[in-house]
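Q: So for the sequence shown, the UniProt record's numbering puts the first residue at 1; every next one is plus one.
Virtual Cβ for every residue (Gly too), placed ideally from N, Cα, C.
I am attaching a structure below and will ask some questions about it afterwards.
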Amino acid sequence: MNETGETALLPENYSDKVFAILLGLADGATHARDDIDPGATEILPLYLADGLLEALEWANDGVASDEAACMWLAALRGYNKITGSFPDRAPEPLGRWIDKEFAHVEIFEKIQDGDPQNLTGLDSADMGQPGRPTGLGTDTTGVLPRAAVAALLGRVPMGTTETLARAAAFLTHDAQAAKTTIAAAKIIRLAMERSEEAAGLWAELLVDLEGPSADALREVVDKISENISLAPEDAYNAYFGENAPEQAEESDIEAAPAAIEEESARDPEVDAYAVALLAAVYGSEAVGERPASALDDIISELHDRWMALLV
1 MNETGETALL PENYSDKVFA ILLGLADGAT HARDDIDPGA TEILPLYLAD GLLEALEWAN
61 DGVASDEAAC MWLAALRGYN KITGSFPDRA PEPLGRWIDK EFAHVEIFEK IQDGDPQNLT
121 GLDSADMGQP GRPTGLGTDT TGVLPRAAVA ALLGRVPMGT TETLARAAAF LTHDAQAAKT
181 TIAAAKIIRL AMERSEEAAG LWAELLVDLE GPSADALREV VDKISENISL APEDAYNAYF
241 GENAPEQAEE SDIEAAPAAI EEESARDPEV DAYAVALLAA VYGSEAVGER PASALDDIIS
301 ELHDRWMALL V
């Protein structure tokens with residue numbers, strides 16, 4: 001149902017965009033790190049998506065569930081996957097299909113690091129929530145990828161997207177980061193529903209946001225908005241500063257230092273969100289040229305399970 005009480009329809013290409021967004025989270029982080037091994041940046045939001053999936057499964061069976069609690073328990077399983085153990089005194093939820101699938105993922109060196117605040121905020125016996133944050137006063141870019149997950153649930157009021165985004169943020173961060181996460185989720189949701197036309201609505205969602213995550217979100221939105229009329233692959237390349245026309249006018253010697261500096265400064269959390277947003281706008285064409293990921297099988301299974309409950 002939507003805000004008017006009418007039955008809301010899923011966008012025609014909803015399935016394609018859900019799949020593309022999940023792929024985009026992995027691709028953006030991998031592109032930023034330039035490393036073949038998966039990282040905490042994309043693993044945590046995939047687990048959070050499975051937490052929402054579990055809540056949907058309960059609802060499909062006619063059983064009420066707490067989406068925030070389901071995401072927290074899923075995040076604890078993600079914490080265990082990343083660190084090798086659960087936080088002290090925290091619940092140790094039973095494994096699900098995603099845990100079995102992750103056991104088959106080949107890691108060549110190690111799971112790559114993500115925003116450390118995501119693990120610090122989860123390292124508690126209690127669930128972080130408004131009024132009792134486990135990440136008191138914290139605001140980092142690590143909240144951005146999970147905003148894409150909060151936006152995936154279609155055919156619900158925008159207020160539901162806001163509630164899910166707030167709950168997801170408070171698992172590890174505090175109020176300022178939660179406000180940014182809500183805006184980031186709404187931006188993805190609008191892009192899923194309106195594609196390129198959504199770009200004109202994004203700026204309003206950024207008003208009055210402050211802090212590191214807000215600054216990063218603003219930069220992503222500005223870059224993608226500037227190139228919204230480009231073909232999907234060109235928009236992807238433009239975001240990462242690849243094959244830009246103005247670069248061709250520079251000599252290789254002049255361009256190389258700037259390119260090296262740009263790559264060394266990339267934030268996987270920010271780039272994961274950015275590619276997810278590109279995927280929300282353009283669908284799978286935005287990530288059509290991406291290399292295969294070690295997480296592709298998990299992402300494909302997650303997408304199939306998600307769609308089976310929503311169509």
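(1) Which residue marks the beginning of the alpha helix (DSSP H) containing F102, and which one marks its end?
(2) Quick one: grab the DSSP three-state call for G135.
(3) What's the C-alpha gap between I21 and A150?
(4) May I have the straight-line CA-CA distance separating P257 from F170, to the nearest angstrom?
(5) Which one of R305, V275 and W306 has the shortest CA to CA distance from L23?
(6) Does the distance from the C-beta atom of P130 to that of A178 stay below 9 Å?
(7) Grouping DSSP H, G and I as helix and E and B as strand, with all else coil, what is G28?
(8) By how many angstroms is the C-alpha of L48 removed from the C-alpha of K81?
(9) Label D66 either buried or exposed according to how many other C-beta atoms from any shown protein chain fall within 10 Å of its C-beta, with 16 as the threshold for buried.
(10) State the start and end residues of the unbroken alpha helix (DSSP H) segment that holds H303.
(11) In angstroms with no decimal places, state the Cα-to-Cα distance between H31 and P268.
(12) Our contact map puts P232 next to Y282 with C-beta atoms below 8 Å; I'd like the distance itself, whole angstroms only.
(13) Between which residues of its own chain and T141 is the CB-CB distance below 7 Å, once the five residues before and five after are set aside?
(14) Just how far apart, CA to CA, sit P245 and D234?
(15) With a threshold of 8 Å on Cβ separation, who are the neighbours of I299 within its own chain once the five nearest residues in sequence on each side are excluded?
A: Here's the rundown:
(1) The count along the sequence shown starts at 1 and reaches residue 102 at position 102. Unbroken alpha helix (DSSP H) run through F102: W97 to F102.
(2) As a working note, residue 135 is residue 135 in the sequence shown. Of the three classes helix, strand and coil, the one that applies to G135 here is coil, per DSSP.
(3) Here residue 21 corresponds to residue number 21 of the sequence shown, with the count starting at 1. Here residue 150 corresponds to residue number 150 of the sequence shown, with the count starting at 1. Here the C-alpha atom of I21 lies approximately 11 Å from the C-alpha atom of A150.
(4) For this step, residue 257 is matched to residue 257 along the sequence shown. For this step, residue 170 is matched to residue 170 along the sequence shown. Model confidence at P257 stands at a pLDDT of 45, short of 50, so the residue's coordinates are unreliable; what they give is reported in the following sentence. In a straight line, the C-alpha of P257 is about 39 Å away from that of F170.
(5) Taking the sequence shown and counting its residues from 1, the one referred to as residue 23 is at position 23. For the residues R305, V275 and W306, the minimum Cα distance to L23 belongs to V275.
(6) Sequence index remark: in the sequence shown, residue 130 carries index 130 (1-based). Sequence index remark: in the sequence shown, residue 178 carries index 178 (1-based). Cβ atoms of P130 and A178: closer than 9 Å.
(7) Position 28 of the sequence shown, counted from the start, is the residue given in the question as residue 28. If DSSP states are grouped into helix, strand and coil, G28 belongs with the helices.
(8) The residue given as residue 81 occupies position 81 in the sequence shown. The residue given as residue 48 occupies position 48 in the sequence shown. Roughly 13 Å separates the two Cα atoms.
(9) In the sequence shown, residue 66 corresponds to position 66, counting from 1. Its Cβ having fewer than 16 others within 10 Å, D66 is exposed.
(10) Here residue 303 is taken as the residue at index 303 of the sequence shown, counted from 1. Residues D296 to L310.
(11) Taking the sequence shown and counting its residues from 1, one reaches residue 31 at position 31. Taking the sequence shown and counting its residues from 1, one reaches residue 268 at position 268. Those two C-alpha atoms are separated by around 8 Å.
(12) Position 232 of the sequence shown holds residue 232. Position 282 of the sequence shown holds residue 282. Yes, P232 and Y282 are in contact; Cβ-Cβ is about 4 Å, under 8 Å.
(13) For the purposes of this step, residue 141 is taken as residue 141 along the sequence shown, with counting starting at 1. D115, P212, S213, A216, D267, E269 and V270, listed in sequence order.
(14) Against the sequence shown, residue 245 aligns to sequence position 245. Against the sequence shown, residue 234 aligns to sequence position 234. Confidence at P245 is low in this model, with a pLDDT of 44, below 50, so the placement of that residue is unreliable and no value is reported for it.
(15) To locate residue 299, count along the sequence shown from 1; it is residue 299. The residues are F19, L22, L23, A26, L46 and S293.
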